[in-house]
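Chemist: The sequence shown: position 120 = 120 (this note's numbering), numbered continuously.
Have a look at the structure that comes next, please.
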Amino acid sequence: MLLLTMVAALAAPAVARPCSGSEPRSADAVRAAEDHWVHLLETHDAAGLACLLAPDFTDSNWAGQRIPRARILAALPHRPDNSLTLSDIEVMLHGDIAIVRGLNRQTDAAGKSAGTVRFTDIFLYHDGRWQAVSAQETPVRTGQ
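Right, here's the structure in full:
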């Protein structure tokens, strides 16, 4: 019983951990949030991703589908072990809103390219942190 209590006590902070609210309102902080998003996806960190994505977040994915936050979080455990590499990043601040544009190259576990998308992500500065409110991806065709 003591072991069970100790395990529950150790697990509780990970479950109840509040989202951080001490990020600066800067382009560097938005870029860090973008990089953190990639890390959360690659490590299948649903709690962290739930903090980063605003409750009304929606993704317009590369296939033209609108994916709400709840579906993204539910699918995260089944995400393939692919790595993501961001490049050509541009961050623009407009008060409490940030727009991030760039390229995202996906590589499968064997190191083979799984595709590249040009993306636009929109963040809102709320409660002392940047939260993603919208994302859109457009496939980049090779050879064009």
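Note that the Cβ used here is the ideal one computed from N, Cα and C, for glycine as well.
What you are looking at is a predicted structure, and each value in this text was computed from that prediction instead of being measured.
If you compare alpha carbons, which of Leu-103, Arg-141 and Ser-134 is closest to Ser-60?
Modeler: Ser-134
Chemist: For the candidate residues Asp-121, Gly-115, Asn-104 and Phe-119, whose alpha-carbon lies nearest to that of Arg-141?
Modeler: Gly-115
Chemist: Would you report the Cα separation of Pro-68 and Arg-31, rounded to the nearest angstrom?
Modeler: 23 Å
Chemist: Alpha carbon to alpha carbon, what distance is there between Trp-130 and Ala-29?
Modeler: 8 Å
Chemist: Quick one: is Glu-34 buried, meaning 16 or more other Cβ sit within 10 Å of its Cβ, or exposed?
Modeler: buried
Chemist: Nearest by alpha-carbon distance to Gly-128: which of Gly-64, Cys-51 and Ala-70 is it?
Modeler: It is Cys-51.
Chemist: Assuming Ala-27 and Val-91 are in contact, meaning their beta carbons sit under 8 Å apart, how far apart are those beta carbons, in whole angstroms?
Modeler: Right, their Cβ atoms sit about 4 Å apart.
Chemist: Apply the 10 Å Cβ neighbour rule to Ala-109 and answer buried if 16 or more other Cβ atoms are within range, or exposed otherwise.
Modeler: exposed
Chemist: Give me the residue from Ala-74, Arg-25 and Gly-21 with the minimum Cα distance to Leu-93.
Modeler: When only C-alpha atoms are compared, the closest one is Arg-25.
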